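Working notes, beginning with the structure itself.
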Amino acid sequence: MTDTDNHFRAETDSDNIVWLHFDRAGSGTNTFSTEALHELDRQLQSIATQCPRGLVILSDKPNGFIAGADIESFTRIETEQQALDFLRLGQSVFNRLAAYTLPTVALIHGFCMGGGTELALACRYRVTRDDPATRLALPEVRLGIHPGWGGSARLTPLVGGLKAMDLMLTGRSLAGRQAKRIGLVDSVVPERHLRAAARRLILEAPAPARPGWLDRLSNSFIARPLLATVMRRQVAKRAPQEHYPAPYALIDIWRQHANDTGAMLEAEAQSVARLINDPTARNLVHVFFLQEQLKGLGRDSDYRPEHVHVVGAGTMGGDIASWCALRGFRVTLQDQSPERIAPAMQRAHALFRRKLKQPREITAAMDRLLPDHKGLGVARADIIIEAIFEDADVKRGLYRELEPRMKTDAILATNTSSIPLEELTEALARPGQLVGLHFFNPVAKMQLVEVVNGASTTAEVSAQAMAFTRQIDRLPLPVTSTPGFLVNRILMPYLMEAVTLESEGVAPGLIDRAATGFGMPMGPVELADSVGLDICLHVAKVLASHFNAEIPERLQQLVDVGRLGRKSGRGFYEYRKGKAVKPKVSGSDAQLEEISDRLMLRLLNEAVSCVREQVVGSNDLLDAGMIFGTGFAPFRGGPMHHIQSTGAGALQARLQQCTSRYGERFTPDPGWDSLFDTQGG
Amino acid sequence: MGAQQAGWGGRPVLVVDGSRTPFLKVRGKPGAFAACDLAVAAARPLLARQPFSATDLDEVILGCVMPGPDEANIGRVAALRLGCGERVPAWTVQRNCASGLQSIDCAAQNIASGRSGLVLAGGVESMSHAPVLYNHAMVNWLAALSRARSPGAKLRAIAGLRPGHLKPVIALLRGLTDPVVGLSMGQTAEILAHRFGITREQMDAFALRSHQRLDAGHRAGHLDEIEVLYDSRGNFYDHDDGLRADSSMEQLAKLRPVFDRPDGNVTAGNSAQVTDGAAWVLLASEDTVARYELPVIGRLIDSQWAGLDPAQMGLGPTYAMAPLLMRQGFDSTDIDFWEINEAFAAQVLACLAAWQDAGFCQTELGRDTPFTPIDESRLNVDGGGVSIGHPVGASGARIVLHLLHVLEREQAHRGVASLCIGGGQGGALLVERTTG
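Shown next, in the form of structure tokens:
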């Protein structure tokens, strides 16, 4: 065989302990492909014949233990049988490991995800490095499946049904110490003691960890039906079954088969084989690769800024500054006076407390963030982010002040959401240094940053801006400097249609329900209220002036009477303690479908228009932008992916129907024709 | 008349810049900032406006009387938090109320000798964060409890707890009491008032003037060495908040004596305020100034430390300033501006009285003629400890920094900064503006 011993290397030490190193060839990250699984199987067979004192499995990759199954290989699976073969292969290898009578240890550093955790669960003991980079998870639900290599069958008896199901249903990751607290890990030690800890477990071979009585009880046949009902209800709050079947399938498997490892293994494999070919899983895998694609965009530059200066301590500026400080940058935050900066410092402290928890780290992050009403940071900054209010004149004035004091190679980034960069560059002697970094609110939650390339922005600055975006752990999306850029432009017709529907007398609750029914994370009415109706109106006006669109009068009326949305306590909804009061509404399925169509068709039509104008480089990038910038139904794979799977021809026909029924705003964009051509209907 | 060679010998010692926090009055509970937070907040903007990086400093020296339990060698903690990096050594000095002056003196010494070229020196105190401790009986009881093994022994140990065990030790009050003579600092001021015949009205008038001067200083923008403080709750602090611009003799007269009750004269109104704060100055040698093209706001000429009866510690400045001036051949008229820390109005007034008293000067300072009286219009021109506050470790650095700002503003040449020191000492520093 050509691939013999490509990925694993076994060493036997003087204590007769075998150390099996996983070091996948041709990749910086350990993942399980079919061939890697076969090789592991051969290694395990051969190790068993040596009768060693014990076996330690560890990774030679600096970044982590094992990232799980090779997701690339998912995309090659076409039939349920192929999926089942792949699942059974993994199960048989891990079963072989689990059946070993000699003590086995998984020695974990860095990430340990999915199949990696399932391998670790097949070992008798687990040792993790004690540091923030070490995280364990079973995140399969995020790809529309659930663990299928024995993850659920082995985790539920180890830590109890409640804790195990929580991990698998949310896909959240645990640090070593948290994992030890729930009994998933036996020992958490600093790097310097990793090997000693593994050796100690093998030589002493203590009884494997057992869950407490309460955790065992959660797996009992009495408790399971009740707990399963509660779990279903909780999952339903985040992910409706018709859109996300995987968590429900997992709950069913557990309810039926917990405490029967064999049956659970079989049920796991069958279920994942079914799910993996489901459109939801396929689309979520597509989204996973979109995310990887965006991450890859930051890799073309070795730019390493150290000091970020933010001008404007409002919600966006302040939150951008604190986010950068959280991610380790030295940050100065400028505004006209201390009273404008003080609230941002409060929010920064709250963010650090939430994310860092340790007082020492919170202090260190606060120390990195310097409130700077005198603008001392301008002269030292590697990158200056302007986040003042949307007025081109004021921005130009600011740039004229800033530029002479900036380092000549410093980047000037604007967080404008609507002003084309070309209107701003005239104030600059070095227009090539100006780029847009359009963050979304709330900064700490929204992963996307639109990297706006103006006509003068140099390729180097654009690449540097994307590299910086990755360094603050956000996803860069390169877009052209056209009004509204990508995300706001596509979102605006959808929001305006919601306003139109509302002014036609449709209850806001019904409009929102139709949108969430489609899979949007929040309905358009509530979204408009949270963004602020004044801001919506402003952006709508900017866009309307460029695209000749109409703005429903209702929006202007509400703004005029001070109903600005959540921040003023009343917009379309009323707000009590920051929460919308939603009266009960009812509507027929047909009505909901009609609403949903009107909303989504306008969104899709604008998406097609952006593709035609090449606002982004590809359909994939457009999908990525809408998913990570707005939360557009991930299980649909993004607007363009949705058009493709629904059929462009059908949608275009539906738009034409709507045009005659509701008006010109539904006129299909000319771009549909070329979509039509390439896809042949 | 020019100054002679620097008191430390060797190279000239130049002052480049400085900053301080607003001084925040202690309001009965721990304030928003621990000592190190104050020190860091004051120094961050100071370092941010320099052309060099924090890692270019040769050392950081910080004076502090009572660092918190998490602030052992607070100088080093501050230096690391300021981004000075691992390679910049840092240390902490303590000479009670003059700790902030001591740090400057140490920095000057190291620059003069050539050991350092660029030093961040200052002082800090978070008096609101002074520890509250278990008393001895409580500590013994806890020790007995942890030794007890059997349930019976544990029960017996628990039964040993008495209400008196719960009486805390307030470290701040202990720190402000002389352990040798057993007097509180306020009582030493009462002793001086009695000795020099200083009346309650004189004290109150001095206090009122201190507030009026600080108020005028704030209004005129004469306190631009203050850097804004931000807490984690959305508040900011940009001025000394102990200032009572609306104070009056009538109001001050109503206050009761706090140290010698009921017949004394030293009140909360004519004493320094208990406050939190930090102050820094940036000191450099001539070649460092040239290398980074730094501005120079003044130079340190000489310093003097003196000891005296702890029960009269408030006279410390006279004992320190006299040899400092005499060494240079100066009288009071050679000094353009004075900063004498206002621990107590009575104490500063006693210093002024002693300074011009023939008998005192002869017996205590070894002078045949008394000093010319100090012109009070040139003393603490923008207020002092009574109005601004006296965070004990920080005041020394504050008065040196402010004195240099006053000299600059008035285009004057020479100044003296001095403090009295609990435990019976005085410290004084002679500074000049380079252009003089």
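Protein chains in written order, with the working numbering: chain A, 224 to 904; chain B, 943 to 1378.
Note that beta-carbon positions come from the ideal geometry of N, C-alpha and C, so glycine has one too.
Being a predicted model, the structure only gives us computed values, none of them experimental.
Original post:
So, is the C-beta of histidine 532 of chain A closer than 8 Å to a C-beta in chain B?
Top reply: By 1-based counting over the first sequence, the position of residue 532 of chain A is 309. No, histidine 532 of chain A does not count as interfacial toward chain B.
Original post:
Does any CB atom of chain B fall closer than 8 Å to the CB of glutamine 273 of chain A?
Top reply: Residue numbering aside, residue 273 of chain A sits at position 50 when the first sequence is read from its first letter. Not one chain B Cβ lies under 8 Å of glutamine 273 of chain A.
Original post:
Rounded to a whole number of angstroms, what is the C-alpha to C-alpha distance between aspartate 979 of chain B and glycine 384 of chain A?
Top reply: Looking up residue 979 of chain B in the second sequence gives position 37. Looking up residue 384 of chain A in the first sequence gives position 161. Using only the alpha carbons, I get a separation of about 46 Å.
Original post:
Is the beta carbon of leucine 760 of chain A less than 8 Å from the beta carbon of glutamine 780 of chain A?
Top reply: Here the question's residue 760 of chain A lines up with position 537 in the first sequence. Here the question's residue 780 of chain A lines up with position 557 in the first sequence. Going by C-beta atoms, leucine 760 of chain A is not nearer than 8 Å to glutamine 780 of chain A.
Original post:
Are the C-beta of proline 528 of chain A and some C-beta of chain B separated by less than 8 Å?
Top reply: Start at 1 with the first residue of the first sequence, and residue 528 of chain A comes out as number 305. Output row for proline 528 of chain A: interface = no.
Original post:
Could you give the distance in angstroms between the alpha-carbon of glycine 1159 of chain B and the alpha-carbon of alanine 588 of chain A?
Top reply: Taking the second sequence and counting its residues from 1, one reaches residue 1159 of chain B at position 217. Taking the first sequence and counting its residues from 1, one reaches residue 588 of chain A at position 365. If you take the alpha carbons of glycine 1159 of chain B and alanine 588 of chain A, they lie about 35 Å apart.
Subject >> Residue closest to arginine 736 of chain A, alpha-carbon to alpha-carbon, out of A:Ser753, A:Asp812, A:Met539, A:Met689 >> reply: Within the first sequence, numbered from 1, the residue matching residue 736 of chain A stands at position 513. Minimum Cα distance to arginine 736 of chain A is reached at A:Asp812.
**OP:** Could you tell me whether the segment 559–576 of chain A touches the segment 1156–1172 of chain B, where touching means 3 or more Cβ pairs closer than 8 Å?
**Re:** yes
Original post:
Quick one, which of A:Ser726, A:Gln670, A:Phe309, A:Leu556 has its alpha-carbon nearest glutamine 493 of chain A's?
Top reply: Translated into positions along the first sequence, residue 493 of chain A becomes position 270. Ranking the options by Cα distance to glutamine 493 of chain A, first place goes to A:Phe309.
Original post:
What residues from chain A crowd round tyrosine 1172 of chain B, counting only those whose CB sits closer than 8 Å?
Top reply: Position 230 of the second sequence holds residue 1172 of chain B. Pro561, Ile564, Ala565, Met568, Pro594, listed in chain order.
Original post:
DSSP state of valine 754 of chain A, grouped into three classes?
Top reply: Taking the first sequence and counting its residues from 1, one reaches residue 754 of chain A at position 531. Three-state DSSP puts valine 754 of chain A in a helix.
Original post:
Are the C-beta atoms of proline 987 of chain B and some chain A residue less than 8 Å apart?
Top reply: Position 45 of the second sequence, counted from the first residue, corresponds to residue 987 of chain B. Yes, its Cβ sits closer than 8 Å to a Cβ of chain A.
Original post:
Per DSSP, what kind of secondary structure is proline 1199 of chain B in: helix, strand or coil?
Top reply: Your numbering for residue 1199 of chain B matches position 257 in the second sequence. Looking at proline 1199 of chain B - three-state DSSP - the assignment turns out to be strand.
Original post:
Mind checking arginine 433 of chain A: buried by the 16 CB within 10 Å criterion, or exposed?
Top reply: One-based indexing of the first sequence puts residue 433 of chain A at position 210. Classification of arginine 433 of chain A: exposed, given that the 10 Å Cβ count is below 16.
**OP:** Tell me whether methionine 1191 of chain B is buried or exposed, calling it buried when 16 or more other Cβ atoms sit within 10 Å of its Cβ.
**Re:** The sequence position of residue 1191 of chain B within the second sequence is 249, counting from 1. With fewer than 16 Cβ atoms within 10 Å of its Cβ, methionine 1191 of chain B is classed as exposed.
Original post:
Hey, does alanine 990 of chain B have any beta-carbon neighbour from chain A nearer than 8 Å?
Top reply: Position 48 of the second sequence holds residue 990 of chain B. By this cut-off, alanine 990 of chain B is an interface position.
Original post:
Quick one: complete beta strand (DSSP E) runs, 3+ long, within the segment 369–444 of chain A?
Top reply: 410–412
Original post:
In this structure, does DSSP put alanine 767 of chain A in helix, strand or coil?
Top reply: Within the first sequence, residue 767 of chain A is the residue found at index 544, counting from 1. Helix at alanine 767 of chain A.
**OP:** Can you give me the Cβ contacts of alanine 876 of chain A inside the same chain, cut-off strictly under 6 Å, excluding the 5 residues immediately before and after it?
**Re:** Here residue 876 of chain A corresponds to residue number 653 of the first sequence, with the count starting at 1. If we look at alanine 876 of chain A and ignore the five residues flanking it on each side, it has no Cβ neighbours.
**OP:** Measure from the C-beta of arginine 1175 of chain B to each C-beta in chain A and report whether the shortest distance is under 8 Å.
**Re:** Locating residue 1175 of chain B in the second sequence gives position 233, counting from the first residue. Taking Cβ atoms only, chain A reaches closer than 8 Å to arginine 1175 of chain B, which makes this a yes.
Subject >> Partners in chain A for arginine 1023 of chain B, counting only beta-carbon separations shorter than 8 Å >> reply: Along the second sequence, one-based indexing puts residue 1023 of chain B at 81. Ordered by position in chain A, the residues that pass the 8 Å Cβ test against arginine 1023 of chain B are Thr586, Ala587, Asp590.
Original post:
Residues in the segment 1179–1191 of chain B with C-beta within 8 Å of chain A's C-beta atoms, listed in sequence order?
Top reply: Asp1180
Original post:
If we count the other Cβ atoms within 10 Å of its Cβ and call it buried at 16 or more, is asparagine 676 of chain A buried or exposed?
Top reply: Start at 1 with the first residue of the first sequence, and residue 676 of chain A comes out as number 453. By the 10 Å Cβ count, asparagine 676 of chain A comes out buried.
**OP:** May I ask you to check if the CB of aspartate 959 of chain B is nearer than 7 Å to at least one heavy atom of the ligand FAD?
**Re:** The model on display carries no ligand, and the ligand FAD is accordingly not part of it.
**OP:** Note down, one range per segment and in chain order, each alpha helix (DSSP H) of at least 4 residues found wholly within the segment 460–503 of chain A.
**Re:** 469–480, 484–499
Original post:
Rounded C-beta distance between leucine 1060 of chain B and aspartate 959 of chain B? I'm assuming under 8 Å.
Top reply: On the second sequence, residue 1060 of chain B is found 118 positions in, with the first residue counted as 1. On the second sequence, residue 959 of chain B is found 17 positions in, with the first residue counted as 1. That pair is no contact at about 11 Å.
**OP:** Can you grab the Cα-Cα spacing for the pair serine 883 of chain A / glutamine 401 of chain A, in whole Å?
**Re:** Walking along the first sequence from the start, residue 883 of chain A turns up at place 660. Walking along the first sequence from the start, residue 401 of chain A turns up at place 178. Computed Cα separation, rounded: 59 Å.
Original post:
In three-state DSSP terms, what is valine 1358 of chain B?
Top reply: Taking the second sequence and counting its residues from 1, the one referred to as residue 1358 of chain B is at position 416. Looking at valine 1358 of chain B - three-state DSSP - the assignment turns out to be strand.
**OP:** Determine contact between the segment 1357–1367 of chain B and the segment 980–994 of chain B, defined as no fewer than three beta-carbon pairs at a distance below 8 Å.
**Re:** no
**OP:** Measuring only between beta-carbons, confirm whether valine 958 of chain B sits less than 8 Å from chain A.
**Re:** Within the second sequence, numbered from 1, the residue matching residue 958 of chain B stands at position 16. Judged by the 8 Å Cβ criterion, valine 958 of chain B is not in contact with chain A.
Original post:
Should the segment 575–587 of chain A be called in touch with the segment 500–515 of chain A, which here means at least 3 C-beta pairs below 8 Å?
Top reply: no
**OP:** Mind listing the chain B neighbours of leucine 599 of chain A? Cutoff is C-beta to C-beta under 7 Å, in chain order.
**Re:** Here residue 599 of chain A corresponds to residue number 376 of the first sequence, with the count starting at 1. Simply Pro987, Ala990, Arg991.
Subject >> Close-in-space but distant-in-sequence residues of the same chain around leucine 787 of chain A (CB under 7 Å, 5 per side omitted) >> reply: As a working note, residue 787 of chain A is residue 564 in the first sequence. So the list reads Gly755, Leu756, Asp757, Gly794, once near-sequence residues are dropped.
Subject >> CB contact check: valine 982 of chain B to chain A, cutoff 8 Å >> reply: Reading the second sequence from its first residue, position 40 is the one you call residue 982 of chain B. For valine 982 of chain B, the answer is yes, since a Cβ of chain A falls inside 8 Å of its Cβ.
**OP:** Taking threonine 555 of chain A as the query, report the chain B residues whose CB atoms sit under 9 Å from its CB, ordered along the chain.
**Re:** On the first sequence, residue 555 of chain A is found 332 positions in, with the first residue counted as 1. Ala990, listed in chain order.
**OP:** Determine the burial state of valine 1111 of chain B: buried for a count of at least 16 other Cβ atoms within 10 Å of its Cβ, exposed for fewer.
**Re:** Position 169 of the second sequence, counting from 1, holds the residue named residue 1111 of chain B. Exposed: under 16 other Cβ atoms inside 10 Å.
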